[in-house]
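Residue numbers (this note's numbering): 768 to 902.
Glycine included, every Cβ here is placed at the ideal spot set by N, Cα and C.
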């Protein structure tokens with residue numbers, strides 16, 4: 768699978784991004800009471816870009832990966848949610864979260880939920896942080 772960066776989205780995909788994020792936020796607001804009791808860490812709205820890095824499946828060197836920017840919509844101490852226009856078939860990824868204007872905190876992460884948003888031709892992913900990468 769060839770990954771695309773968000774600056775390569777089509778006009779249609781770019782228009783869909785706001786609609787998808789707004790819809791998912793509304794769904795969260797309706798279900799927040801039920802799920803907030805089950806969550807270990809409080810979820811915060813975080814509509815911005817994050818980086819995901821996926822290991823190249825056909826690479827000879829295990830360290831080779833492809834890094835792209837995606838839209839995120841919420842974050843907590845234990846993970847985050849992001850959207851992407853295609854399914855992702857790897858479960859173990861790296862997630863880069865901006866912490867200051869020039870710094871990115873990288874986390875070993877696991878995709879724990881994938882949900883297709885069929886009417887918009889996008890996917891929503893739930894990611895659990897497994898540990899911070901120390902540089």
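With DSSP as the reference, label residue i as helix, strand or coil.
i: residue 881; result: strand
i: residue 900; result: coil
i: residue 845; result: coil
i: residue 869; result: coil
i: residue 770; result: coil
i: residue 855; result: coil
i: residue 792; result: helix
i: residue 826; result: Residue confidence for residue 826 is low, a pLDDT of 49 falling below 50, so the modelled location carries little weight and cannot support an answer.
i: residue 819; result: strand
Are the CB atoms of residue j and residue i within a distance shorter than 8 Å?
i: residue 851; j: residue 862; result: no
i: residue 890; j: residue 854; result: yes
i: residue 848; j: residue 896; result: no
i: residue 771; j: residue 835; result: yes
i: residue 840; j: residue 791; result: yes
i: residue 787; j: residue 887; result: yes
i: residue 823; j: residue 816; result: no
i: residue 860; j: residue 820; result: yes
Let's test the definition: count the other Cβ atoms within 10 Å of the Cβ of residue i and tell me whether it reaches 16, buried, or not, exposed.
i: residue 793; result: exposed
i: residue 784; result: buried
i: residue 876; result: buried
i: residue 898; result: exposed
i: residue 845; result: exposed
i: residue 842; result: buried
i: residue 878; result: buried
i: residue 864; result: buried
i: residue 827; result: Annotation note: pLDDT 49 at residue 827 (below 50); position unreliable, coordinate value reported separately. With fewer than 16 Cβ atoms within 10 Å of its Cβ, residue 827 is classed as exposed.
i: residue 951; result: Nothing in the structure corresponds to residue 951, since the chain is present only between 768 and 902.
i: residue 882; result: exposed
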